[in-house]
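According to the UniProt record's numbering, the sequence shown is numbered sequentially starting from 1.
Glycine included, C-beta positions come from ideal geometry on N, C-alpha and C.
None of these values were measured; they are calculated from a predicted model.
Step one of this worksheet: look at the structure below.
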Amino acid sequence: MDENTEFGDLFALPQDYDSDKESSVDTTKTTRFTTSRNQWAIDIVTLAKKHSLWGHEIWNASKVLADYLEDHNKDGDNNEQALIRNKSVLEFGAGGALPSLLCAKLGAKKVVVTDYPDIKLINCIKKSVEINNSGNVVDVTGYLWGRDSQELTSLNGGEQFDVVILSDLVFNHSEHKKLLASCKQVLKKGTGVALVFFTHHRPWLVDKDMDFFKVAESEEFGFTVEEVASEYVGPMFKEDPGDETIRGTVHGYTLRH
Numbered sequence: 001m002d003e004n005t006e007f008g009d010l011f012a013l014p015q016d017y018d019s020d021k022e023s024s025v026d027t028t029k030t031t032r033f034t035t036s037r038n039q040w041a042i043d044i045v046t047l048a049k050k051h052s053l054w055g056h057e058i059w060n061a062s063k064v065l066a067d068y069l070e071d072h073n074k075d076g077d078n079n080e081q082a083l084i085r086n087k088s089v090l091e092f093g094a095g096g097a098l099p100s101l102l103c104a105k106l107g108a109k110k111v112v113v114t115d116y117p118d119i120k121l122i123n124c125i126k127k128s129v130e131i132n133n134s135g136n137v138v139d140v141t142g143y144l145w146g147r148d149s150q151e152l153t154s155l156n157g158g159e160q161f162d163v164v165i166l167s168d169l170v171f172n173h174s175e176h177k178k179l180l181a182s183c184k185q186v187l188k189k190g191t192g193v194a195l196v197f198f199t200h201h202r203p204w205l206v207d208k209d210m211d212f213f214k215v216a217e218s219e220e221f222g223f224t225v226e227e228v229a230s231e232y233v234g235p236m237f238k239e240d241p242g243d244e245t246i247r248g249t250v251h252g253y254t255l256r257h
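Printed below as a string of structure tokens:
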């Protein structure tokens, strides 16, 4: 089985994708997610029906990342600072935006949430921000990876971000370089960290998923890569093909430059 099978293209943006047509379907649902560490209740608005950009799901990677954010948001020994408190945060391809919404609750000074500029997806995120009373620190905007990042840093007082979040994005193999280019533009050099959490949804394409990190370490981008998490939580879609252990494991990496 290869990347060009029907299932292999499951996550790809369809050639006939029509943002206006998709956005005319305005049925949404609200899901309450309670974090496992501090029991934060977060209400997440998503599309109620299946969407080509997969904005109707709350993905396992975002849930495991939520645990990681809580676990690392305490001042520790050896001058370790809280990961999120008083920091600026940017999320790419946010979907349900669980990590971003949690960052607002964890004391981030600024959170910028982005996804593909589909009006219905963006409006769902904006509604989530509103019902979680996070509008004082959170901005939401559409953004295409690889484009000029000034529109993003302008929402952070013209500064780069302390933390950049990429949750379940590495499956989009054709966009790796664009995504990394955007990361390099917006992440503070020396002190900033990008959090890359994901699942291998297509076990036969593990190597292509992991190429993201090879490209990140290349001379072109110069990131330092470190694995920081691996947790089995079960597959998102049990009926899908491929090894369930692979499909059910969330991996977490950091990028620094």
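By DSSP's assignment, Arg256 forms a beta bridge with Thr224. The straight-line gap separating the alpha-carbon atoms of Ser230 and Val250 is approximately 6 Å.
Annotation: the continuous beta strand (DSSP E) that includes Glu91 extends over Ser88 to Phe92. Spanning the alpha carbons of Val138 and Asn86 requires a straight line of approximately 13 Å.
For Asn132 and Leu65, the gap between their C-alpha atoms comes out near 19 Å. For Arg32, the uninterrupted beta strand (DSSP E) segment begins and ends at Thr28 to Thr34. Leu166 is bridged by DSSP to Phe92 and Val196. Leaving aside the five residues that flank Glu175 on each side, the residues in its chain whose CB is nearer than 6 Å to its CB run, in chain order, Trp145. Within the same chain, Gly248 and Thr249 come within 6 Å of Tyr232 by CB-CB distance, once the 5 residues on both sides are set aside. The Cβ atoms of Pro99 and Ser167 lie closer than 7 Å to each other. Collapsing the DSSP output to three states places Glu175 in a helix.
Here Val140 has Val113, Ile122, Ile125, Lys126 and Val129 as same chain residues with Cβ atoms under 7 Å from its own Cβ, once five neighbours each way along the sequence are excluded. A contact is defined here as three or more CB-CB pairs under 8 Å, and the region 148 to 158 fails this definition with respect to the region 188 to 198. Rounded to the nearest angstrom, the gap between the Cα atoms of Lys29 and Lys120 is 13 Å.
Residue state for Lys110 is assigned as strand, using DSSP reduced to three classes. The beta carbons of His200 and Ile246 sit about 5 Å from each other, so the pair counts as a contact at 8 Å.
Residue pairing for Thr141: DSSP places it in a beta bridge opposite Thr114.
Residue burial is scored here from C-beta neighbours: Pro235 has at least 16 other C-beta atoms within 10 angstroms and is therefore classed as buried. For the set Glu91, Ala94 and Arg147, the Cα lying nearest the Cα of Lys177 is the one of Arg147. Ranked by Cα distance from Leu255, the options Gln39, Lys105, Lys188 and Ala48 are led by Lys188. The residues Leu166 and Tyr253, in chain order, have a CB closer than 6 Å to that of Val196 in the same chain once the five nearest residues on each side in sequence are set aside. When Asn38, Trp40, Ile58 and Gln39 are compared, the shortest CA-CA separation from Thr46 is found for Ile58. Beta-carbon to beta-carbon, Ser218 and Ser182 are separated by about 16 Å, too far to satisfy the 8 Å threshold. The C-alpha of Lys63 is placed about 24 Å away from the C-alpha of Ala216. One alpha carbon belongs to Trp40, the other to Gly95, and they sit about 19 Å apart.
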